[in-house]
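What follows is a single structure, written as structure tokens, with notes after it.
Numbering (this note's numbering), first residue to last: 675 to 763.
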């Protein structure tokens with residue numbers, strides 16, 4: 675179900691872009707949409723780019739921030755850090 679303000683008026687300085695929140699009834703459907711968006715790269719509708727973001731809790735965001743220094747060092751050493759996030763968080 676997409677949600678957007680009922681009386682959305684972008685005003686003269688805005689390009690007409692607005693945020694739409696979509697809630698999926700099944701998590702698997704959300705995973706499939708996110709995966710398809712990653713594979714496609716740039717997703718557009720009527721010439722406008724559409725961005726997809728995960729809805730993460732504050733707890734997860736804070737836990738990920740704790741590893742910023744570690745991730746930076748791994749990048750400097752050209753090491754793949756994806757495994758670290760999966761197992762620690």
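The beta carbon of each residue, even a glycine, is placed where N, CA and C say it ideally should be.
All figures in this text were calculated on a predicted structure; none of them were measured in a lab.
Touching or not, the region 699-712 and the region 724-739, by the rule of three or more beta carbon pairs under 8 angstroms? yes
Pull up the DSSP beta-bridge partners for residue 745, would you. Reading the chain shown from its first residue, position 71 is the one you call residue 745. Paired residues: none, contrary to the question.
Along the chain, where does the beta strand (DSSP E) containing residue 737 start, and where does it finish? Position 63 of the chain shown, counting from 1, holds the residue named residue 737. From DSSP, residue 737 is part of no beta strand (DSSP E) but of the alpha helix (DSSP H) over 732-739.
Cα-Cα separation between residue 750 and residue 735, rounded to whole angstroms: Here residue 750 refers to the residue found at position 76 when the chain shown is read from its first residue. Here residue 735 refers to the residue found at position 61 when the chain shown is read from its first residue. Answer to the nearest angstrom: the Cα atoms are 23 angstroms apart.
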